[in-house]
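Participant:
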Amino acid sequence: MADGKDHVKVVEADAPLTSVDDVGSPRDELAYRLRQQQLTSDFGLIALRGGSAAILQHEATRIAAEGLGIDLCKFVLYRPQEDDLLVVAGVGWDDGVIGQATLSCDSGSPAGYAFRTARPVLSNHVSQESRFRTPELLRKHGVRRAINVPVCDDGRPRGVLEADSREDGAFIEADIAFLEGIGVLLSVALTRIEAAEDLVEAHARERLMIGELHHRVRNIFTVMGSLVTMSRREAARSGDDVVNLILGRLAALSAATDAGLPVAGGEDDPALAMLSAPLAALARRVLSPYGDRIEVTDRTGGDQAGSVTLTGAQQTSVALLLHELATNALKHGALAHEAGRIVLNWTLEGSAADRILTLQWSEDAGAATGPGQGPRTVPGGFGSGMIDRLVAGERGRIEREWAERGLVARITLPLT
Numbered sequence: 001m002a003d004g005k006d007h008v009k010v011v012e013a014d015a016p017l018t019s020v021d022d023v024g025s026p027r028d029e030l031a032y033r034l035r036q037q038q039l040t041s042d043f044g045l046i047a048l049r050g051g052s053a054a055i056l057q058h059e060a061t062r063i064a065a066e067g068l069g070i071d072l073c074k075f076v077l078y079r080p081q082e083d084d085l086l087v088v089a090g091v092g093w094d095d096g097v098i099g100q101a102t103l104s105c106d107s108g109s110p111a112g113y114a115f116r117t118a119r120p121v122l123s124n125h126v127s128q129e130s131r132f133r134t135p136e137l138l139r140k141h142g143v144r145r146a147i148n149v150p151v152c153d154d155g156r157p158r159g160v161l162e163a164d165s166r167e168d169g170a171f172i173e174a175d176i177a178f179l180e181g182i183g184v185l186l187s188v189a190l191t192r193i194e195a196a197e198d199l200v201e202a203h204a205r206e207r208l209m210i211g212e213l214h215h216r217v218r219n220i221f222t223v224m225g226s227l228v229t230m231s232r233r234e235a236a237r238s239g240d241d242v243v244n245l246i247l248g249r250l251a252a253l254s255a256a257t258d259a260g261l262p263v264a265g266g267e268d269d270p271a272l273a274m275l276s277a278p279l280a281a282l283a284r285r286v287l288s289p290y291g292d293r294i295e296v297t298d299r300t301g302g303d304q305a306g307s308v309t310l311t312g313a314q315q316t317s318v319a320l321l322l323h324e325l326a327t328n329a330l331k332h333g334a335l336a337h338e339a340g341r342i343v344l345n346w347t348l349e350g351s352a353a354d355r356i357l358t359l360q361w362s363e364d365a366g367a368a369t370g371p372g373q374g375p376r377t378v379p380g381g382f383g384s385g386m387i388d389r390l391v392a393g394e395r396g397r398i399e400r401e402w403a404e405r406g407l408v409a410r411i412t413l414p415l416t
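The opening residue of the sequence shown carries number 1 in the UniProt record's numbering; numbering runs sequentially from there.
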């Protein structure tokens, strides 16, 4: 909480009010302040019990309004992308204000000044204000006086708690202290809620990673078994050494697996984002264990031919995506059939600033395998879910069609 010396008091032509005579008799003043203390204690209990951020924000405004004897109060939250203050909670406002109305975040408005400087602002004559603009929201609701106090997280404002009154009168510094107390409790409670939400998200990510790890380990053993079977059949036809065929494909499988693993620093690592590689080379590397059973074709034409490159983060997503598609085909689709084949091709559309990559994965089992006639990807399976998550993570879209001879998947990915 800021001390009294930091308060910015905007009281046009008036000195700051500090005497109990300004608000009534000493007995009335004492009862008024004791009531504010009790309300602060009540809100402290509410904050300790927890709950949602929305409920706590509303309760903060309700209790602040009650403690100051006013009918208008609001909490505005800073939005970095919009660089404004959004009214997220409040009491007494017209319909359509909460969750929709915004205030300017510059220092020319009372709330903006409180946010930018992390210091409270008091104004007992809003209509006569010369240092700040009067926000249209206050003008529309007939606000005559206001207090704005910053709600900070470790010294950094996250929003502003504002008390507004339609009645003539005067807020004093003790009112600022009361409102600051509510703001401090609100900030601590919001920080605890955010920490709890972060913990839940971390546990969810951990469970997802463990599930994906188990899934990939199972898939590796499935793929290894299928590669051994494929190699034995090929050796029987061609007379090649089966051991060399198996070892070569296992080496290719290892390289393909490495291509699907993120490097140190994660997908947000700036160094990873700067690395780029041709899509064609990546696709052939990931799909190399399947030999000529998967054909990789670049259908970009003209000046764009062979020009599709991916950033490091995009490489990880696309490598995992192709690996999952191939594994699903091996378990449920075209590659589960001896004569099965797959064609992967892609096109590139849009300008340099708005490029859209479209991948098409077309399976041909060598026999009619429409719905109900043969193996197919299991809807809702972990592999299909992982594919969907990978596509969504790149802001893309996937469409699946089970044609007569197998799955056709079309995947669109923005590259910018």
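Virtual Cβ for every residue (Gly too), placed ideally from N, Cα, C.
Should the region 195-211 be called in touch with the region 161-168, which here means at least 3 C-beta pairs below 8 angstroms?
Facilitator: No contact exists between the region 195-211 and the region 161-168.
Participant: Between W361 and N345, what straight-line distance do the alpha-carbon atoms span, to the nearest angstrom?
Facilitator: To locate residue 361, count along the sequence shown from 1; it is residue 361. To locate residue 345, count along the sequence shown from 1; it is residue 345. Cα to Cα, W361 sits roughly 7 angstroms from N345.
Participant: Spatial neighbours of G155 within its chain, please: C-beta separation below 8 angstroms, excluding the five flanking residues on both sides.
Facilitator: To locate residue 155, count along the sequence shown from 1; it is residue 155. A118, listed in sequence order.
Participant: Rounded to whole angstroms, what is the Cα-Cα separation between R232 and K331?
Facilitator: Position 232 of the sequence shown, counted from the start, is the residue given in the question as residue 232. Position 331 of the sequence shown, counted from the start, is the residue given in the question as residue 331. Approximately 18 angstroms between the Cα atoms of the pair.
Participant: So, are the CB atoms of G159 and V76 less than 8 angstroms apart?
Facilitator: Taking the sequence shown and counting its residues from 1, one reaches residue 159 at position 159. Taking the sequence shown and counting its residues from 1, one reaches residue 76 at position 76. Contact: yes.
Participant: Which whole runs of the alpha helix (DSSP H) in the UniProt domain "GAF" (52-200) are 4 residues long or more, in chain order?
Facilitator: Correct list: 53-68, 110-117 and 136-140.
Participant: DSSP on V242, reduced to helix/strand/coil?
Facilitator: Counting from 1 along the sequence shown, the entry for residue 242 is found at position 242. Reduced to three states, the DSSP call for V242 is helix.
Participant: Taking buried to mean at least 16 other C-beta atoms within 10 Å of its own C-beta, is W402 buried or exposed?
Facilitator: Your numbering for residue 402 matches position 402 in the sequence shown. With 16 or more other Cβ atoms within 10 Å, it is buried.
Participant: Please identify the residue among T412, R405 and C152 whose C-alpha is closest to the C-alpha of I387.
Facilitator: Position 387 of the sequence shown, counting from 1, holds the residue named residue 387. Ranking T412, R405 and C152 by Cα distance to I387 puts T412 first.
Participant: By alpha-carbon positions, which one of L407, G396, E404 and F221 ends up nearest to P414?
Facilitator: Counting from 1 along the sequence shown, the entry for residue 414 is found at position 414. The residue with the shortest Cα to Cα distance from P414 is G396.
Participant: What three-state label does DSSP hand A277 in the structure shown?
Facilitator: Residue 277 sits at position 277 when you count from the first residue of the sequence shown. In the structure shown, A277 sits in a strand (DSSP, three-state: E or B).
Participant: Quick one: residues in its chain with C-beta nearer than 7 angstroms to the C-beta of I63, no 5 flanking neighbours on either side, listed in chain order?
Facilitator: The residue you call residue 63 lines up with position 63 of the sequence shown. Within the same chain, I63 has close Cβ partners L39, D42, F43 and I182.
Participant: Nearest to P289 by alpha carbon, out of I220, F178, H125 and V149?
Facilitator: Numbered from 1 along the sequence shown, position 289 holds the residue referred to as residue 289. Among I220, F178, H125 and V149, the Cα nearest to that of P289 belongs to I220.
Participant: Just grab the DSSP bridge partners of T222 for me.
Facilitator: Translated into positions along the sequence shown, residue 222 becomes position 222. Answer is none; T222 lacks a bridge partner.
Participant: Secondary structure at T229, three-state DSSP: helix, strand or coil?
Facilitator: Counted from its first residue, the sequence shown places residue 229 at position 229. If DSSP states are grouped into helix, strand and coil, T229 belongs with the helices.
Participant: Take L85 and list the residues in its own chain whose beta-carbon comes closer than 8 angstroms to its own, dropping the five residues that flank it on each side.
Facilitator: Looking up residue 85 in the sequence shown gives position 85. Excluding residues within five positions, the ones whose Cβ falls inside 8 angstroms are V76, L77, Y78, R79, T102, L103, S104, C105, A111, G112, F115, G159 and V160.
Participant: Would you kindly report the start and end of the unbroken beta strand (DSSP E) that includes T309?
Facilitator: For the purposes of this step, residue 309 is taken as the residue at position 309 of the sequence shown. That run of the beta strand (DSSP E) goes T309 to T311.
Participant: Exposed or buried, which one is T316 when buried takes at least 16 other CB atoms within 10 Å?
Facilitator: To locate residue 316, count along the sequence shown from 1; it is residue 316. By the neighbour-count rule (16 or more Cβ atoms within 10 Å), T316 is buried.
Participant: If you measure between the beta carbons of L348 and V308, is that distance less than 8 angstroms?
Facilitator: Taking the first residue of the sequence shown as 1, we reach residue 348 at position 348. Taking the first residue of the sequence shown as 1, we reach residue 308 at position 308. Cβ distance < 8 angstroms, so L348 and V308 count as in contact.
Participant: Closest to L310 by CA distance: which of A326, A281 and E338 is it?
Facilitator: Walking along the sequence shown from the start, residue 310 turns up at place 310. It is A281.
Participant: Reducing DSSP to helix, strand and coil, say where T316 ends up.
Facilitator: In the sequence shown, the residue the question calls residue 316 occupies position 316. Three-state DSSP puts T316 in a helix.
Participant: So what does DSSP say about T327, is it helix, strand or coil?
Facilitator: To locate residue 327, count along the sequence shown from 1; it is residue 327. If DSSP states are grouped into helix, strand and coil, T327 belongs with the helices.
Participant: For H203, count the other beta carbons within 10 Å of its own beta carbon; 16 or more makes it buried, fewer makes it exposed. Which is it?
Facilitator: Here the question's residue 203 lines up with position 203 in the sequence shown. Classification for H203: exposed.
Participant: Which first and last residues belong to the beta strand (DSSP E) in which T297 is found?
Facilitator: Numbered from its first residue, the sequence shown carries residue 297 at position 297. I294 to D298 is the span of the beta strand (DSSP E), which, as asked, contains T297.
Participant: Rounded to whole angstroms, what is the Cα-Cα separation between T358 and G366?
Facilitator: Here residue 358 corresponds to residue number 358 of the sequence shown, with the count starting at 1. Here residue 366 corresponds to residue number 366 of the sequence shown, with the count starting at 1. Roughly 25 angstroms separates the two Cα atoms.
Participant: Can you tell me the Cα-Cα spacing of L68 and A170, whole angstroms?
Facilitator: Numbered from 1 along the sequence shown, position 68 holds the residue referred to as residue 68. Numbered from 1 along the sequence shown, position 170 holds the residue referred to as residue 170. Roughly 11 angstroms separates the two Cα atoms.
Participant: Who are the Cβ neighbours of E399 in its own chain at under 6 angstroms, not counting the five residues just before and after it?
Facilitator: Residue numbering aside, residue 399 sits at position 399 when the sequence shown is read from its first letter. Excluding positions up to five away in sequence, the list reads R410.
Participant: Using the rule of at least 16 other Cβ atoms within 10 Å of the residue's Cβ for burial, across every protein chain shown, is R405 buried or exposed?
Facilitator: For this step, residue 405 is matched to residue 405 along the sequence shown. R405 should be labelled buried.
Participant: Would you kindly report the start and end of the unbroken beta strand (DSSP E) that includes D364?
Facilitator: By 1-based counting over the sequence shown, the position of residue 364 is 364. Per DSSP, D364 belongs to the beta strand (DSSP E) from I356 to D364.
Participant: Residues in its own chain within less than 6 angstroms of G92 by CB, not counting five upstream and five downstream?
Facilitator: Stepping through the sequence shown from its first residue, residue 92 is reached at position 92. Hits under 6 angstroms: D71 and L72.
Participant: Could you check the C-alpha separation between H141 and P135 for me, to the nearest Å?
Facilitator: The residue labelled residue 141 in the question sits at position 141 within the sequence shown. The residue labelled residue 135 in the question sits at position 135 within the sequence shown. About 10 angstroms.
Participant: Can you name the start and end residues of the beta strand (DSSP E) that T416 belongs to?
Facilitator: In the sequence shown, the residue the question calls residue 416 occupies position 416. First-last for T416: undefined, no H or E at that position.
Participant: The beta strand (DSSP E) that contains L335, what's its start and end?
Facilitator: For the purposes of this step, residue 335 is identified with residue 335 of the sequence shown, where counting begins at 1. Element bounds for L335: n/a, residue is neither H nor E.
Participant: Can the beta-carbon of R144 be found less than 8 angstroms from the beta-carbon of S130?
Facilitator: Sequence index remark: in the sequence shown, residue 144 carries index 144 (1-based). Sequence index remark: in the sequence shown, residue 130 carries index 130 (1-based). Not a contact, by the Cβ cut-off of 8 angstroms.
Participant: Please state whether DSSP places G50 in a helix, a strand or coil.
Facilitator: Residue 50 sits at position 50 when you count from the first residue of the sequence shown. G50: coil per DSSP, three-state reduction.
Participant: Considering R397, what are the terminal residues of the beta strand (DSSP E) in which it resides?
Facilitator: To locate residue 397, count along the sequence shown from 1; it is residue 397. Note, R397: beta strand (DSSP E), R397 to A403.
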